[in-house]
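To start, the structure under review is shown below, and the notes come after it.
Residue numbers (this note's numbering): 102 to 537.
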């Protein structure tokens, strides 16, 4: 086996692998026998067609199938010989078959991890807003609770505004060059301004009242990868418009929160805010350190990983919307992809930086670290540790848990070494000046 490495654009590499001998001939014999027994060629009974005729009729298919089979058997060794590490999918690009010589050459491409130098991260200085207990924090917590317990109430005296929950009846007609396109109709709901509707549709609906109709023609349709897959005409009737109404502060709201009266509720909320201060501060420091690490390092992001990360984020968003009973077939996936792009890039860069730091510092994951990771996942998923572990073991995803635990340990190690400067916010400065 001969292996040749080729540089490609960005982080892509290509391997051209030449294989000859028994491996190729065995693959050919297997494909020919499969074709001989299964294909029907006019003038011959199944299983009796001559080899030369099968070869002539199915030449491209034979080359592709033999290429896949030989590549599956030799690719791992070829990659090992090249001393390269694919970060994601490996693409089979080309197969050349010289049947008489029993020789096959195939080319694959893939991306490799970015190369970068780890900066001095042990003497970092980060700034965070000064975190002290204040009545403002209590007020923000109360407002968040009001948001969490808000109700949606119908409005009829005004048009659609950003933030409204709108229920629509829709009809989507696919545009085809010839004949009638497929028609799909249904009902769905979504909050205006949160990428639950197409941007064009939201713009058209704003200002329209319940009962009014909107028609959009020749709109492009996109798949989850942001590629255009067709065009359609969309007709929409606004069935209902609702606005978010926050509960009034008082005893009734307190009882909704599980307390006897508002005095008790306010006291308990204040206690909770005080308990949360350390967690909030720690989260702010970790976020500031992560941002600093990303800004310090020039890390090229593999496009295949970026695509996978964005797709995963879109799938999570779609799943959340589906849990609310929303029809997600006509979401603006391209807008969502653009929305998630900066965060997806940051996530991938941070992983590479933390992996490199952990390797250089000899940080290792213990069973206790993994147990802590599983415990927190169980709390997030509202299930037991046992169920989480069983799931990840069954799906063969424990390496993902282990990697996340390692990165967390690396980040905590960096955080323990940084100098944290707490700066007063402008609000605090204005307050201090007003009181002096």
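Cβ coordinates follow ideal geometry from the N, Cα and C atoms, glycine included.
CB contact flag (residue i, residue j, <9 Å)
i, j, result
"residue 172", "residue 118", "yes"
"residue 335", "residue 272", "yes"
"residue 344", "residue 282", "no"
"residue 405", "residue 339", "no"
"residue 444", "residue 414", "yes"
"residue 208", "residue 195", "yes"
"residue 188", "residue 210", "no"
"residue 155", "residue 129", "no"
"residue 433", "residue 508", "no"
"residue 270", "residue 287", "yes"
"residue 390", "residue 225", "yes"
"residue 182", "residue 306", "no"
"residue 407", "residue 449", "yes"
"residue 229", "residue 466", "no"
Strand pairing of residue i, partner residues [DSSP]
i, result
"residue 317", "335"
"residue 287", "271"
"residue 213", "Its beta-bridge partners do not exist; DSSP assigns none."
"residue 198", "205"
"residue 193", "209"
"residue 292", "266"
"residue 524", "230"
Where residue i falls: helix, strand or coil (DSSP)
i, result
"residue 463", "coil"
"residue 537", "Only weak support is given to the placement of residue 537: the predicted model assigns it a pLDDT of 47, under 50, and the question is left unresolved by the model."
"residue 113", "strand"
"residue 516", "helix"
"residue 298", "coil"
"residue 508", "helix"
"residue 400", "coil"
"residue 304", "helix"
"residue 168", "helix"
"residue 106", "strand"
"residue 161", "helix"
"residue 441", "helix"
"residue 185", "coil"
"residue 118", "strand"
"residue 374", "helix"
"residue 324", "coil"
"residue 393", "helix"
Minimum length 3: unbroken beta strand (DSSP E) runs contained in the segment 129–156: none
Segments of 4+ residues assigned as alpha helix (DSSP H) that fall wholly inside the segment 336–365: 352–357
Runs of beta strand (DSSP E) wholly within the segment 219–285 (minimum 3 residues, chain order): 226–230, 252–255, 266–275
Given 8 Å, three or more beta-carbon pairs between the segment 260–268 and the segment 299–316: yes
Sufficient close CB pairs (3 or more, under 8 Å) joining the segment 398–409 to the segment 104–122: yes
Length at least 4, wholly inside the segment 448–502: the alpha helix (DSSP H) runs in chain order: 468–482, 486–495
Three or more C-beta pairs below 8 Å linking the segment 205–221 and the segment 380–399: yes
Contact between the segment 368–375 and the segment 288–298 (3+ Cβ pairs under 8 Å): no
The segment 236–252 touching the segment 483–500, judged by at least three CB pairs closer than 8 Å: no
Three-pair Cβ contact test at 8 Å for the segment 506–524 versus the segment 230–241: yes
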